[in-house]
Amino acid sequence: MSSRMMRGGLAAGVALILFGALFLVHNLYAPFSVWRLLARYWPLLLVGFGLWRLWAHFAWRPEPVAPGTEAAGAPAVRAKSPRPPSLLGALLWTGLGLLFFAHNLGAGPDVWRLASRWWPLLLILLGIGKLVDYALHREGVAVRAGELVGILALVLAGSAVSRLEKSPIREIVRDARIEIGEARVRPGEWLGTSHAYSEERSYPQERLRPVRIENSYGSVSVLPGPEGEISVRLGKVIFAPEGEAAKIAGEIRLETPEDAGGDAFVIRTNRDLLADRKLRFNTNLEVRVPGKTRVEVRNAFGEIRVSDLHGGLDLATTHRRIEVADSTGPFTLSARYAETRLTNLEGDVRLDSRGKVYAENIRGNLTVKDEYSPVEILNIEGALTLSGVDGSIRVENVSGPAVIETRGAPVTARGLRGGLRLAASHAKADLSGIDAGLSVESRYGTLTLEEIRGGVELASRSDRIRAGGIEGNFRMRGRSSSLRLDGIRGNADVETSLGDLVVRDLAGAASLVNSHGAVRLTARAPLGALDIKNQGGAVTLTLPAGARFSLAARARNGSVRALYPGLPAPVAEGGGMRLEAEVQGGGPAVALETRNGDIVIDGAAGDARSRGGNVL
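Residues 13 to 628, numbered by the working numbering, are exactly what the sequence shown covers, in order.
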């Protein structure tokens, strides 16, 4: 085993012992967090790598020519690396690590802002390094493929950093909260330290006034407070060295300007006055108002949390979540690119969202417009309107009528006592326990319908449909769709094509039309009128024992098999067959017709009398 491999094994062993000890302390001592330790001291990894490269540079020695090779005329065997590791690269890694470490300790400059402006200096330094190499080693100096790839990556990375420094994406990434273990760490904490300051103010109110709160890059929390007073706690989080952060904190203030358009009490900070200086800070507002105050909040890149307020809410934010609980509306909510969570609300709710939605225990009508995210809605005492959803949908226990419009999203709906109207495409829908009827317009989907009361209306294209436990009439107009209906207490009226049409356990009349697919119907007593037409497929009819009916069956290019007791033999007609009969004195009309297929008329399973029959 080489000494290099032995040194690598030793280093790996030491690293494992160190990390194991750190995580053990993390698990046993709650105030200590490994992740926050790494967030501050990760630049030391860059420093260590740079120092290792420095040691390799100065410890490098050229290997001698292998003995005997020159005398034999063979080419000289030299070291695998004819040159020492790059001194410039080692210094660069060490310098970057020290800069990041100083910045994390609050003593250095803003490294990312420096990088966005001065990264071209790295290209200049690389060029100087090549000139120095040429002056010292005039032979064998060349630009290798790896160096070309590195230079290209440097140019692309530098350009990207320059653009990100001037865009809102920097704040989005910096302020995002990531849960690692039990700690919530923001990427901004890995790129430097922050310092927190706060101030509090109270404003006496002679009468109840609506409150408007304006903020950005920080959270807004609104809670109930004493009557006749509005209190505000302003938390300031400054991303800068400690001395500079304290100075900036003194410049950030609360403002309460007069509402130019009405009677509202306005709360905001003076962020707009500081915008030209490109300072990095967050402002977190905790506001307490009388419980029946109407509250309006406009926030950006910050959370909104409201609870136990009963005067109505108008909330809007971007890139952060909205949480509302135990409050009375009406509610007008807008959340872009983040989650909305609503619990125990009374009053009508209108939500425009582009993020995950969770709503539970709403006493009022709920209207949700959402895109690209899942929606979960439980226990609504009122009507539900849900539209534009591209994520998964789960709806349970809605007392009023429900309307769902979606595309490409799986839908699960149960316990909708006021009925459901669903418009979906490219979706998988599982619908059950629906009262007051179901109306579905679907394309290119898979539908499962169970325990539907009040009837079903289906407009379908290229769907696969399974239904069962239907109480009420079932009507379907389909194209290129297949249907399997098991158990219906009502009439079935179905038209489809290019798919099998199967109806079992029918208690009622039926009108079934299909083309280029089989039709199979099993009816139960009392028998209703049946009208079945097919083009390019077989027809199979199973009737209950002892049924009374008047039969007219015709297969234009196929056979008729009469297996039901009491039926006469069919009659040949052209290229097909025809059968007409009055069974047990006649009764409901049973009309069967197909082209290019056979007709089979059979009795219920277990009816011994139906095993004979007549076939021509």
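Virtual Cβ for every residue (Gly too), placed ideally from N, Cα, C.
As the structure is a prediction and not an experimental result, all values here were calculated from the model.
Compare the C-alpha of residue i against each of the options and name the closest.
i	options	result
residue 283	301, 263 and 527	263
residue 334	320, 351, 604 and 323	351
residue 295	27, 280, 32 and 371	280
residue 401	411, 364 and 391	364
residue 8	596, 61, 569 and 558	Here the chain covers residues 13 to 628 and nothing more, so residue 8 does not appear.
residue 562	593, 556 and 542	593
residue 555	606, 613 and 313	613
residue 475	433, 349, 391 and 455	455
residue 270	253, 225 and 302	225
residue 441	108, 355, 26 and 416	416
residue 382	349, 109, 502 and 604	349
residue 567	559, 583, 495 and 433	583
residue 208	290, 253, 219 and 215	253
residue 546	506, 66 and 574	506
residue 354	390, 104, 331 and 322	390
residue 661	396, 368, 397 and 597	Residue 661 lies beyond the stretch modelled for the chain, which goes from 13 to 628, so this question has no answer here.
residue 403	420, 409, 395 and 394	420
residue 62	590, 71, 102 and 211	102
residue 293	247, 299 and 301	247
residue 450	213, 458 and 471	471
residue 607	579, 572, 331 and 615	572
residue 305	297, 217 and 268	217
residue 337	426, 370, 598 and 399	370
residue 632	498, 501, 493 and 500	Residue coverage of the chain in this structure runs from 13 to 628, which leaves residue 632 outside it and unanswerable.
residue 332	412, 473, 605 and 366	366
residue 59	104, 29, 71 and 25	104
residue 498	460, 530 and 590	460
residue 109	71, 347 and 53	53
residue 611	578, 597 and 553	553
List the DSSP bridge partners of residue i.
i	result
residue 61	None, per the DSSP bridge assignment.
residue 357	339 and 374
residue 294	249
residue 277	223 and 270
residue 466	Looking at the DSSP assignment, residue 466 forms no beta bridge with any residue, so it has no partner.
residue 461	443 and 479
residue 592	564
residue 344	326 and 362
residue 352	334 and 369
residue 611	551 and 572
residue 316	232 and 334
residue 55	For residue 55, which the question treats as bridged, DSSP gives no partner whatsoever.
residue 302	237
residue 606	546 and 567
residue 309	225 and 327
residue 450	432 and 468
residue 629	Shown here, the chain extends from 13 to 628; a query on residue 629 therefore has no answer.
residue 37	Answer by DSSP bridge pairing: none, since residue 37 is not bridged.
residue 584	589
residue 601	562
Measure the beta-carbon distance from residue i to residue j and round it to whole angstroms, keeping in mind my assumption that it falls under 8 angstroms.
i	j	result
residue 463	residue 444	5 angstroms
residue 548	residue 527	6 angstroms
residue 439	residue 428	Residue 439 to residue 428, Cβ: 17 angstroms. No contact.
residue 484	residue 466	5 angstroms
residue 221	residue 275	6 angstroms
residue 326	residue 303	Not confirmed; about 17 angstroms, so no contact.
residue 595	residue 542	Going by Cβ atoms, the distance from residue 595 to residue 542 rounds to 13 angstroms, so no, they are not a contact pair.
residue 56	residue 113	6 angstroms
residue 520	residue 540	5 angstroms
residue 377	residue 360	5 angstroms
residue 375	residue 388	Actually they are not in contact, since the Cβ atoms of residue 375 and residue 388 sit about 18 angstroms apart, beyond 8 angstroms.
residue 424	residue 406	5 angstroms
Taking only beta-carbon positions, decide if residue i is within less than 8 angstroms of chain E.
i	result
residue 594	Protein chain content of the structure displayed is limited to a single chain, and chain E is not contained in it.
What are the complete beta strand (DSSP E) segments, minimum 3 residues, inside the stretch 471 to 555? 476 to 483, 486 to 491, 494 to 501, 504 to 507, 513 to 518, 522 to 527, 531 to 535, 542 to 547 and 551 to 555
What are the start and end residues of each continuous beta strand (DSSP E) run of 3 or more residues lying completely inside the stretch 194 to 270, in chain order? 195 to 197, 207 to 216, 223 to 226, 232 to 237 and 241 to 250
At a cut of 8 angstroms, does the stretch 247 to 264 reach the stretch 326 to 345 through at least three beta carbon pairs? no
List in chain order: all unbroken beta strand (DSSP E) runs of 3+ residues lying wholly within the stretch 379 to 444. 387 to 392, 396 to 401, 405 to 410, 414 to 419, 423 to 428 and 432 to 437
The stretch 505 to 523 touching the stretch 532 to 539, judged by at least three CB pairs closer than 8 angstroms: yes
Stretch pair the stretch 227 to 235 + the stretch 311 to 323: three plus CB contacts closer than 8 angstroms: Yes, the stretch 227 to 235 is in contact with the stretch 311 to 323.
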